[in-house]
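A.B. asks: Residue numbers (this note's numbering): 4 to 213. Each residue gets a CB set at the ideal place from its N, CA and C atoms; glycine is no exception.
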Amino acid sequence: MFKIEIVLPLLAVTYFSLPSLPLKVVFKSTESKVENNKPVFNEVWLEEEGDNDIWMMNQSHHGLDYPKSEWDQVKIIVDKKTKTTTFHQLKDNEEIPLKVDCNMCHSNGPRTINPNPKSVTLLDKLKVLQWNIRIKSYGTLQQPKSDNHQYLKSETCIKCHNGGENFWERSKIKKENFLAIKYLVKNNLMPPWPFKLSESEKEKLLNQLK
Ligand code: HEC
Ligand code: HEC
């Protein structure tokens, strides 16, 4: 999976093309779908202010041609010093109440971005790779409180999702994260290589989510 002859040139290209990488990426999401299975389009960019990484996203549930002013505007602020996150929803750049419970899919602040590969250019892919490395290396981030706190204790998952202090560790995963968990486990995105879920552990985990 991590073949050196693929990874090295990719890193070199990423490094040398840094100045020309796009600042914003628009893509078709692989995980997020509208209820009738129609695609969701996201536009993501990152702003940096002091200790804060501010992840911005505009989202359309009505195709790419939907007027930009009508796209949902959301934002996640990561305070790298205090290791905390906050969630925000905007309309015309003004803060409005959150439309959904962000904790549901974001159990540790920003999520890695998985564009449908056909929806982006090579430079977009490199930009996303660069962002994802940053997102993966935040470590555990404290989330805003949510009501539902049934932690999942799947042995393989809590090797990393345990609220620990190492950079590869993340907030604990909970029953309320069922959508994200089902998607990641069914598509073999979690656990990451070289970890593996035994069939019985997988079944036990998916059963806990019912
Ligand atoms: C149903 C699951 C789900 C919910 C609920 C959700 N998100 Fe996300 N969000 C995602 C996924 C998945 C991504 C990664 C982009 C992609 O691959 O589609 C994402 C990406 C983002 C990003 C871009 C930065 C990043 O994390 O990659 C922001 C900002 C964001 N979401 C904010 C919010 C806010 C604020 C809320 C609550 C109002 C929210 N999201 C609710 C699934 C969700
Ligand atoms: C080797 C460490 C490791 C193991 C083991 C692991 N994860 Fe993850 N997990 C990560 C990292 C790092 C991320 C963030 C980057 C990404 O999405 O790849 C993540 C992301 C996630 C997310 C999105 C929320 C977040 O923290 O970004 C969920 C949900 C998740 N994992 C579920 C699981 C489940 C379920 C298992 C067990 C089947 C599991 N993971 C096993 C390291 C791990």
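Under 8 Å by Cβ, that's how I've got leucine 129 and leucine 24 pegged, so tell me the actual separation to the nearest angstrom.
C.D. replies: Yes, leucine 129 and leucine 24 are in contact; Cβ-Cβ is about 6 Å, under 8 Å.
A.B. asks: Please state the DSSP three-state secondary structure of asparagine 106.
C.D. replies: Correct three-state label for asparagine 106: helix.
A.B. asks: Could you have a look at leucine 49 and say whether DSSP puts it in helix, strand or coil?
C.D. replies: It is a strand residue.
A.B. asks: Using 8 Å as the threshold, is the C-beta distance between arginine 114 and threonine 143 below it?
C.D. replies: Not closer than 8 Å, so no.
A.B. asks: Look up glutamine 146 in the DSSP assignment and say whether it is helix, strand or coil.
C.D. replies: Glutamine 146 falls in the coil class under three-state DSSP.
A.B. asks: Roughly how many whole angstroms lie between the Cα atoms of lysine 185 and serine 72?
C.D. replies: Going by the C-alpha atoms only, they are around 32 Å apart.
A.B. asks: Let's test the definition: count the other Cβ atoms within 10 Å of the Cβ of tryptophan 171 and tell me whether it reaches 16, buried, or not, exposed.
C.D. replies: With fewer than 16 Cβ atoms within 10 Å of its Cβ, tryptophan 171 is classed as exposed.
A.B. asks: Name the DSSP beta bridge partners of valine 77, please?
C.D. replies: Note: valine 77 sits in a beta bridge opposite Met60 and Gln92.
A.B. asks: I need the DSSP call for lysine 205, collapsed to helix, strand or coil.
C.D. replies: Helix.
A.B. asks: Is the beta carbon of asparagine 40 less than 8 Å from the beta carbon of serine 32?
C.D. replies: No, they are not a contact pair.
A.B. asks: Among all the DSSP beta bridges, which residues are the ones paired with lysine 36?
C.D. replies: In the DSSP output, where bridge partners are listed per residue, lysine 36 has Pro42.
A.B. asks: For threonine 85, which of Gln145, Leu200, Lys121 and Asn135 has the nearest alpha-carbon?
C.D. replies: Closest by alpha carbon: Gln145.
A.B. asks: Taking 7 Å as the cut-off, is the CB of proline 25 close to at least one heavy atom of ligand 1?
C.D. replies: Outside the cutoff, so no.
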